[in-house]
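First to last, the protein sequences are chains B and Y. Just so we're aligned, residue 1 is where the first sequence starts under the working numbering, counting upward by one. Just so we're aligned, residue 649 is where the second sequence starts under the working numbering, counting upward by one. C-beta: ideal position from N, C-alpha, C; glycine also. What you are looking at is a predicted structure, and each value in this text was computed from that prediction instead of being measured.
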Amino acid sequence: MNKNNYKIAICAFFVMIVAVIACKKSFLDKPLVGPVTQASLANKSGVEALLIGAYSLLDGVGAAGTTGVPGLTAPSGSGGVWEGSADDWIFSSVPGGDDHKGSFQQDQGAYFLPVQAYNTTPDNLYLNDKWIIVYESVNRCNTVLKTMALAKDLSPADTTEIRAEAVFLRGIYHLEGKKMWKNIPYIDESIDISKNNYLVSNTIDAWPGIEADFKYAAANLPATQQQIGRANSWAAKAFLAKCYMFEGNYTDAYTLIKDIIANGQTSGGQKYQLLAHYGDNFNAATKNNAEAVFSAQMSVRDNAGGQNGNGGDVLNFPYGGPTTCCGFNQPSYSLANSFKTDPATGLPLLDNFNDFDIKSDEGIASWADPTKPDTFQTYTGTLDPRIDWSLGRRGIPYLDWGLPPGQSWIRDQTNAGPYSPIKQVVTKAQQATLAEAYGGWASNQATANNYAYIRFADVLLWAAECATEANDLVAATGYVNQVRDRNSDPSGWVHQYPKNAAGIQDPSLGTTNIPAANYKIGLYPTFASQDYARKAIRFERKIELSSEGMRFFDLVRWGIADVELNAYVAHETGYNHSFNQSSATPSVKYIFYDPLGTPNGALYGVPVTPAAQFVKGKSEYYAIPQAQIDASRGPDGKSSLTQNPGYN
Amino acid sequence: MPSKSNVLACSCIVLLMLLGNSVFAQKTVTGRVISNADKQPIASATVQVKGSKVGVQTAADGTFSVTSPKDIGTLVISVVGFETVQVPVGGKTSLGDIGLATSATSLNDIVVTGYTTQKKKDITGAVTVVDTKALKAVPGASPDQLLQGQAAGVQVLATGQPGAASQINIRGITSLGNNNPLYIIDGVQADFHDINPNDVESIQVLKDAGSAAIYGVQGSNGVIVITTKKGRSGRATISYDATAGVQEPIGGNPLHLLNTPQYLEMSKRLGTNTTLYSAPNWVLPDYVFSDQVSGSRGIGNQGDPAVDPSKYNFTADHSADYLIFKVNKQGTDWFHETFKQAFQQNHTVTVSGGGDKGTYLFSVNYTDQNGTLLNTYLKRYSVRLNTTTTVKNHIRIGENAYVFYKNNPLFANLWENSAIQHVYYSQPIIPVYDIGGNYAGSWDGPNMGNGDNPVADVKRFGRDNKTNQWDILGNMFAEVDFLKHFTIRTSFGGTIDNQYSTSFSPTPYEQFESHNLANTFTEKSEYNSTWLWTNTLQYKNVFAEKHSVSVLVGTEAKDGYGRHVEGTRNDFSATLSNDPNYWVLTNGTDNQVNSSYATQNYSLYSLFGRLDYAFADKYLFGATFRRDGASVLASNVRYGNFPSVSVGWRISGEEFMKDVVWINELKLRASWGKLGSVLNVPGANAYNAYGQSTQSSYYSINGSSNSSVPGYLQTQIGNAGTTWEKDKLENIGLDAVLFKNKVTFTAEYFIKSIDGLLILGNPPAVVGYAPPPFLNAGNMQNKGFELSAAYHGTVNNDLHYNIGLNFTSYKNKMITIPGTKYVDLAASRQGNLVRLREGQPVGAFYGYEVERLFRDSADVANSPTQADAAAGRFKFRDISGPNGKPDGVIDAYDKTTIGNPNPKFTYGINLGVTYKNWEISTFLYGSYGNQIYNETRYWTDFYGSFAGNKSLDLLNNSWTPTNLNAKTPVLESNGSASTNNSASSYFVEPGSFLKMRYLKVAYSLTPSVLKSTGIDRLTLYVQATNLFQITKYTGIDPEIQGPGSANGALPNNYVSGAFGIDYGNYPNNQRGYLVGINLSF
């Protein structure tokens, strides 16, 4: 053994150790790669970008996969996409009676059927998803404010403007939760996980916080904005009015609304007014118009795989025709019937609209041979022309997509009826530019149709309500008639397509001025009483704003949800439609009974309980998600969230 | 940052310093080592000059040539599985054949353990030495899957998908996230999965703290130490090992599905009158059609104009498709259309040799394994070069290098929308192809649901998905012996992997929902690298002949890095898009999306040491210590210390045991120590991080319909206090060798407590929905018992047999879960299927307990209130209520643990018989007591759950008023909370199984016969796999992995929390037949 060798070896060993230790400190400090820290965003451009992030949840989509476990995809196929939909079709249009759930009975059944039957349980994952979307949205607004507090390059004017926009959005998001649950925690920028102060009670009324946000926004936002998607002071005032309406504060609401009607304008500087044509409200090409008080902006073909389109409504298309998924949100019989008008006056049948169903093709085979005219004859009675901008039905032009052939556009007619949703669908001519596949699903499922949180028609009908409560029935009648009157112009109606050589209406030939159905609409004479006025206004809201997410919350606001909705349930189930969560009531024959008689020699129909039933005092508000109650427990095991009445 | 280059520079300096050279005069002895039993040469036997460090290993033909500077008195020859012999040389230069007797004992084997080697008899920790001969007898391309049932304490869940990783856990699940053991391959941390099994020399599994704690914060999931083969002194040998064979799909009707007449009969009983299945005659049409132009779809009989074949039109862009298919009135057997016989082959050529100055081993492998699911395959090409050079007698320099390239597109098994799911989601009425020879599917006619044609899915998948991966892994090392008792070693190594894939999705023109979808092409590339630099100094000495001391100290640095980039475009020219040569991103016209991300860089710096002391070869003591610093943790909680101590008592070495002749060896040992895991701390866990997302934070603020403005969102809620999971592991073991070395026996009992289990923080949503940080919040405990035994029997000189048995059991319990007291996992269409709860095992299924089916309306009325209760539906058990007592209402309070996917135990049995030149061997593997949540029954046992195929049980044994004890609830159109919409015990099935993994018959030609041919060794064999399986499970295969994060089912850090949920499993119980050859010359 050469003695020098070990000396070298020992030296080498110490060199190694010294080298590694010398390297050590920086060696274990690894910076973030990709994401950035809050400090990097604490400047004007960073805060503005966070504000865009807060706006981006106006469509109710994009708050990660929402199942209660971050990163965990929601119940197969859900992904937290539609539960948060800005138009609230799941939590308002469907349980409000505008629409059936649609599709076949089981689709999304575990979570959706209880919503439709007014018996959600606290462990319903849809509710947790919705809650998460609401509060992630609130959090994004608060993140803007918290980061802005660290920024040093903002002028006082910038600070005020950004704060006003952020609290405006925060107001909208809280209002969304308030409508759903009533008892919600109000979260402002003082709440932070690092301060361990996030166990906020939901028994403290959130209205003052929400109102304060809108008041700040109304006072500090400009009347117009460079970018049409940004909130202006008039939008803030309209939302404040909406809060007052929900609070039953008609006096303050009326003052504000009168100002809005007289002086309000869009962020683009257009004075608020009704569009000449009702249908233009649902056309992506005419969005951000004078009637759109405030909208969630939708974009497609912007290299986001369709996911900035109207994702909340991704399921709400006929199951054929414009797209092949997914047949949800099918308008109800009662809604279709609501468009019946008196043949003489053109007024709606406030009391008798549901006496019989307008003729539909329920149970009739599809129009199968396109070379011959469809033998199905549509309903010939008088109808409000808004019907065919509000739902798709057999034999009536469905935008420029052609005449719906019946069942072959419907996923499961026996479950959900014969009608198709239409308001968020783009035209065939627009599909190349204003629609896209949603994340690689079916084509055209993502559309650029905005959702208008508040339309001017909505404001006018609030005004009618306020006038009624102020017992100014002349004014009330005037507001309602203003909304109705634009539909008197036949150029705004749905028209037949020209006929081809075979005598069949052909959408490729353009359009005619022949009304597609027997439309008749008239104006109200001055309301005779407050009661009548209320009834007429409430009905008008139903048909003017159908499938726009208003109905359930309106009915609850008016305190008549139990009566209206239980009557609605009785009507829909009485006609053999699997409306109930439980799919059958004793009067329904087609589920458990074999319609052919007795292949097994036995009939074994079984009544099912409980049927859909709106329970007064409970069903007005949804269950607080159990996952949130459990996550809000303090060290003593007590939760800061209290469950809503009737759900324990 | 200079650290990486500094470290590299340092290592080069050290290597240079270690170099040197000089030459000595020597003396040489040669010979050949053979087995007494079969007279076959024994390779890899160690031939040691007694009383010196000089030693060599025998070559493949059993020959050796040992050279020593001094005269050689006695040679000690030892090898695994044989008795060690001492051969006096007596001045000879050639010893001829030296026969070894087979032995069950392996206590003198040299075992590679943590950073060092030990004799098995001196080990005080729980170390399983895998019998690599038995392991390699199992056919398979990846050593991880071969490990199944071969080592007590190691559980392996494998899958039939070629190239898919197995899930391995050592001593149960000890973490909710990544639960993989640490693999050390020739001293380098690397993935074991793509190592050529033929290259493997030895596998040791370090299971307890005594053995694994020296790996500190990386050791808590156990450590698997692998060494690969090295060349040996002597003449060069070439060996060729090959197998070829086929695998057969499972026969019969594995999913118990209906054919067309049965499906029609079911529709008839339901009375679901549709266009396709129509009352009152219930006669199927001959054809269905779909016209893309008019949008009409319908049915027709032979001769009807709508289905006139002349109308058939298949257009490139599908805009004018007129598709017609002939209704399959017998019914399409989708399973056997999708699973077909599959061919596989595997070839390895190994060249090795060496002289007294060094050795080399070079191997080349080609693996080509097709799966029975069409177009699933693994093609792998690998090369290994291991060399060592001895400089002077005390310096050894070498390298181990392995390079492989593979093509292995993997599809998401066990999840919705897998091709296997569509086997039961596609109606039998749909044929595979339409009348034009194109794929038939649910779009082509009415009432056929929205399932995919699984054949179309897999064929497109195979044609249109190309993956390329090439990895390099290995190290270079230098060792110097000095001052008689010291050895210094440095090793620098690591891994580089590159993955490149392209995938094209054509318009699935036959699929209902997607038939209009634009075609899409995605191209992805990923690169990851790690390096590991280890330095150790070892001191070994024996004092006063009784005190044997070994001390090792070392440092280790590790660093990892990776990046990923991908691009996607849509709308490739319809007419050109069938040509794969056209598929480049540039040709796509729409939806131009690209992205890239980086793996958060991570590093680890460690100091460690171990001490082994033995007194009089009877009393053994070991201690290890490691200090780790991890970059993924915030700097104030970054460092951790991991000690362990272990003791052993070789009872058989005591005087009083000398007379107990039937006990050859008996050792009692115990260990205690601490380990950790940082695997499940995400790189950004300590930070409040913000990022951008086109989908979640961009917004069209300017009102444009076709553009959006970038925005930011919070992407991570940080927690600077999160640190590693701390494990405390206690172990007691007993090793015995009995009955003249015929029986070996090891038993272990352990308690493993995980403190500070990483659980995702679960703050209420009011703080936002960025992923919360992982917190050290829970506690979990595993207790287990392991047993392995072997028996080597000799009937006479010609007939020998052996039996190997191992047994693994553990019992897992979640001890505490803070905050909510539960964690919900595995969301499904029935709600969460898994809830981790205090006192319950990890992965426990959660839902209602089904008492029975409701008998009639009166039964419903007399039962607790239950949503959607009705006759023929499930009656759930009233277990609890708001006050903790049954309350007459079935609601969330009544949900409970309804099943446990953890087996009570698993076991492996190896049996072998040799008679003269013949050898028959078999291996059985079993799992007992595990349960499976059979989610396929949600789809097939309820008509209401999507319009796919349904089960025979639903048709033949569903509830009616006269069949009250039916298998399935009432046949009804709709679903409900009282049937399929609630997770319940109905879906839980026993998953115990016993599989005969293989049966092998081998014939080895007699060496004397071969002598004239120049061949040293030639063995031919035939082998059958999975000849039988015993199970009560009704699904395809009860061996079910977790759903995995790749399927979107679980976040990365919870992948070990839910498993045993069956959505349709790629079977790992298929019969196969192989022929094989082992040849060396």
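Practice item. Provide the residue(s) that pair with Lys-1523 of chain Y in DSSP beta bridges, ordered along the chain. Key: Working through the second sequence from its first residue, we reach residue 1523 of chain Y at position 875. Looking at the DSSP assignment, Lys-1523 of chain Y forms a beta bridge with Y:Arg-1500.
Practice item. Going by DSSP, name the residue or residues bridged to Lys-974 of chain Y. Key: Numbered from 1 along the second sequence, position 326 holds the residue referred to as residue 974 of chain Y. Its beta-bridge partners are Y:Tyr-935.
Subject >> Val-737 of chain Y versus Asp-770 of chain Y: straight-line alpha-carbon distance, rounded >> reply: Walking along the second sequence from the start, residue 737 of chain Y turns up at place 89. Walking along the second sequence from the start, residue 770 of chain Y turns up at place 122. C-alpha of Val-737 of chain Y to C-alpha of Asp-770 of chain Y: approximately 29 Å in a straight line.
| task | Tell me the start and end of each unbroken beta strand (DSSP E) in the segment 1402-1467 of chain Y that is at least 3 residues and wholly inside, in chain order. | result | Listed in chain order, they are 1422-1442 and 1447-1464.
Q: Whole angstroms is fine: what's the gap from Gly-637 of chain B's alpha carbon to Ile-184 of chain B's?
A: Walking along the first sequence from the start, residue 637 of chain B turns up at place 637. Walking along the first sequence from the start, residue 184 of chain B turns up at place 184. Distance between the alpha carbons of Gly-637 of chain B and Ile-184 of chain B: 20 Å.
Continuous beta strand (DSSP E) stretch holding Lys-1772 of chain Y: start and end: It is not possible to answer for residue 1772 of chain Y, since the shown part of chain Y is limited to 649 through 1729.
* Kindly indicate which three-state DSSP category Lys-242 of chain B falls into: helix, strand or coil? => Looking up residue 242 of chain B in the first sequence gives position 242. DSSP places Lys-242 of chain B in helix when its eight states are reduced to three.
Measuring CB to CB, does Arg-551 of chain B end up less than 8 Å from Thr-468 of chain B? Position 551 of the first sequence holds residue 551 of chain B. Position 468 of the first sequence holds residue 468 of chain B. Annotated as distal: Arg-551 of chain B and Thr-468 of chain B, with beta-carbon spacing of 8 Å or more.
(Q) Along the segment 311-341 of chain B, where does the CB come closer than 8 Å to a CB of chain Y? Name the residues. (A) Answer set for the segment 311-341 of chain B: Gly-320, Gly-321, Thr-323, Thr-324, Cys-325 and Cys-326.
* Exposed or buried, what is Arg-394 of chain B when buried is set at 16 or more other beta-carbons lying within 10 Å of its beta-carbon? -> The residue you call residue 394 of chain B lines up with position 394 of the first sequence. Counting the other Cβ atoms within 10 Å of the Cβ of Arg-394 of chain B gives 16 or more, which makes it buried.
(Q) Which residue wins for smallest C-alpha separation from Leu-1473 of chain Y, given the options Y:Thr-722, Y:Gly-1708, Y:Thr-1216 and Y:Arg-819? (A) What you label residue 1473 of chain Y is simply residue 825 of the second sequence in a count that begins at 1. The shortest C-alpha to C-alpha distance from Leu-1473 of chain Y to any of Y:Thr-722, Y:Gly-1708, Y:Thr-1216 and Y:Arg-819 is the one to Y:Gly-1708.
Check whether Gln-910 of chain Y and Thr-761 of chain Y have beta carbons under 8 Å apart
In the second sequence, the residue the question calls residue 910 of chain Y occupies position 262. In the second sequence, the residue the question calls residue 761 of chain Y occupies position 113. Cβ distance not < 8 Å, so Gln-910 of chain Y and Thr-761 of chain Y don't count as in contact.
Contact with chain B by Val-1414 of chain Y, beta-carbon distance below 8 Å: The residue given as residue 1414 of chain Y occupies position 766 in the second sequence. Between Val-1414 of chain Y and chain B, the shortest Cβ-Cβ separation is below 8 Å.
Contacts of Phe-1676 of chain Y in chain B (Cβ-Cβ under 9 Å): For this step, residue 1676 of chain Y is matched to residue 1028 along the second sequence. In chain B, no part has a C-beta under 9 Å from the C-beta of Phe-1676 of chain Y; the shortest such distance is about 35 Å.
Report back the beta-carbon spacing between Gln-226 of chain B and Asn-232 of chain B to the nearest angstrom; my notes put them in contact at under 8 Å. Taking the first sequence and counting its residues from 1, one reaches residue 226 of chain B at position 226. Taking the first sequence and counting its residues from 1, one reaches residue 232 of chain B at position 232. That pair is no contact at about 11 Å.
| query | Is it a yes or a no for the segment 367-383 of chain B touching the segment 315-334 of chain B, going by three-plus beta-carbon pairs under 8 Å? | reply | Contact between the segment 367-383 of chain B and the segment 315-334 of chain B is absent, with fewer than three C-beta pairs closer than 8 Å.
Checklist line | Gly-268 of chain B beta carbon less than 8 Å from that of Ile-228 of chain B | finding: Position 228 of the first sequence, counted from the first residue, corresponds to residue 228 of chain B. Position 268 of the first sequence, counted from the first residue, corresponds to residue 268 of chain B. Taking 8 Å as the Cβ cut-off, Ile-228 of chain B and Gly-268 of chain B qualify as a contacting pair.
| request: State whether the segment 968-983 of chain Y contacts the segment 938-956 of chain Y, with contact taken as three or more CB pairs (one from each stretch) at a distance under 8 Å. | output: Enough Cβ pairs lie closer than 8 Å, so yes.
Report the neighbours of Thr-37 of chain B on chain Y: residues whose CB is nearer than 8 Å to its CB, in chain order. The residue given as residue 37 of chain B occupies position 37 in the first sequence. Within chain Y, the C-beta atoms nearer than 8 Å to that of Thr-37 of chain B come from Tyr-1335, Asn-1336, Ala-1337 and Tyr-1338, in chain order.
Worksheet item: When the cut-off is 8 Å and only beta carbons count, does Gly-1348 of chain Y lie next to chain B?
Response: In the second sequence, the residue the question calls residue 1348 of chain Y occupies position 700. The sequence shown places Ser at residue 1348 of chain Y, not Gly. For Ser-1348 of chain Y, the answer is yes, since a Cβ of chain B falls inside 8 Å of its Cβ.
Around the C-beta of Gln-105 of chain B, are 16 or more other C-beta atoms found within 10 angstroms, so that it is buried, or is it exposed? Taking the first sequence and counting its residues from 1, the one referred to as residue 105 of chain B is at position 105. Buried, since its Cβ has 16 or more Cβ neighbours within 10 Å.
Worksheet entry | Pairwise C-alpha distance: Met-1428 of chain Y and Thr-1464 of chain Y | The residue labelled residue 1464 of chain Y in the question sits at position 816 within the second sequence. The residue labelled residue 1428 of chain Y in the question sits at position 780 within the second sequence. In a straight line, the C-alpha of Thr-1464 of chain Y is about 7 Å away from that of Met-1428 of chain Y.
I want to verify the contact list: residues of chain B whose CB lies under 8 Å from the CB of Ser-1251 of chain Y, in sequence order. Within the second sequence, numbered from 1, the residue matching residue 1251 of chain Y stands at position 603. What Ser-1251 of chain Y touches in chain B: Phe-27, Leu-28 and Lys-30.
Buried or exposed, going by whether 16 or more other CB atoms sit within 10 Å of the CB of Ala-446 of chain B? Counted from its first residue, the first sequence places residue 446 of chain B at position 446. Ala-446 of chain B should be labelled buried.
Item to check | Straight-line gap, Pro-507 of chain B to Trp-401 of chain B (C-alpha atoms, nearest Å) | outcome: In the first sequence, counting from the first residue as 1, residue 507 of chain B sits at position 507. In the first sequence, counting from the first residue as 1, residue 401 of chain B sits at position 401. Rounded to the nearest whole angstrom, the C-alpha separation of Pro-507 of chain B and Trp-401 of chain B is 7 Å.
My assumption, with CB atoms under 8 Å, is that Ala-1706 of chain Y sits in contact with Gly-1690 of chain Y. Please give the rounded CB distance. As a first step, residue 1706 of chain Y must be located in the second sequence, where it is residue number 1058. As a first step, residue 1690 of chain Y must be located in the second sequence, where it is residue number 1042. Right, their Cβ atoms sit about 6 Å apart.
Worksheet entry | Three-state secondary structure assigned by DSSP to Gly-77 of chain B | As a working mapping, residue 77 of chain B is identified with position 77 in the first sequence. For Gly-77 of chain B, the predicted structure reports a pLDDT of 49, less than 50, and the residue's modelled location is therefore unreliable. A value from the coordinates is still provided. Here Gly-77 of chain B sits in coil by DSSP.
- Query: Quick one: Cα of Thr-772 of chain Y to Cα of Ile-872 of chain Y, how far?
  - Reply: By 1-based counting over the second sequence, the position of residue 772 of chain Y is 124. By 1-based counting over the second sequence, the position of residue 872 of chain Y is 224. Between Thr-772 of chain Y and Ile-872 of chain Y, the C-alpha separation is close to 17 Å.
Next on the checklist: Could you give the first and the last residue of the continuous alpha helix (DSSP H) run that contains Ser-859 of chain Y?
Outcome noted: For the purposes of this step, residue 859 of chain Y is identified with residue 211 of the second sequence, where counting begins at 1. Here the alpha helix (DSSP H) through Ser-859 of chain Y covers 857-860.
Hey, is Tyr-1581 of chain Y's beta-carbon within less than 8 Å of any beta-carbon in chain D? No chain D is part of this structure, whose protein chains are labelled B and Y.
**Item:** Alpha carbon of Thr-1584 of chain Y to alpha carbon of Ser-692 of chain Y, nearest angstrom
**Value:** The count along the second sequence starts at 1 and reaches residue 1584 of chain Y at position 936. The count along the second sequence starts at 1 and reaches residue 692 of chain Y at position 44. Looking at the two C-alpha atoms, the distance is approximately 50 Å.
(request) Starting from Tyr-1669 of chain Y, follow its DSSP beta bridges and name the residues at the other end. (result) On the second sequence, position 1021 is the one that residue 1669 of chain Y refers to. Note: Tyr-1669 of chain Y sits in a beta bridge opposite Y:Ala-1650 and Y:Gly-1724.
What residues in the segment 1152-1170 of chain Y bring their beta carbon closer than 7 Å to a beta carbon of chain B?
Cβ contacts with chain B: Phe-1160, Glu-1161, Ser-1162, His-1163, Asn-1164, Leu-1165, Ala-1166 and Thr-1168.
Margin query: Taking 8 Å as the threshold (C-beta atoms), are Ala-799 of chain Y and Asn-1454 of chain Y in contact?
Written below: Counting from 1 along the second sequence, the entry for residue 1454 of chain Y is found at position 806. Counting from 1 along the second sequence, the entry for residue 799 of chain Y is found at position 151. The Cβ-Cβ distance between Asn-1454 of chain Y and Ala-799 of chain Y falls below 8 Å.
>> If we require 4 or more residues per run, which alpha helix (DSSP H) segments fall completely within the segment 720-791 of chain Y?
In response: You should have 780-785.
Original post:
Of all the options B:Phe-112, B:Glu-572 and B:Asn-139, which has the alpha carbon lying nearest to the alpha carbon of Tyr-126 of chain B?
Top reply: Translated into positions along the first sequence, residue 126 of chain B becomes position 126. Comparing Cα-Cα distances from Tyr-126 of chain B to each of B:Phe-112, B:Glu-572 and B:Asn-139, the minimum goes to B:Phe-112.
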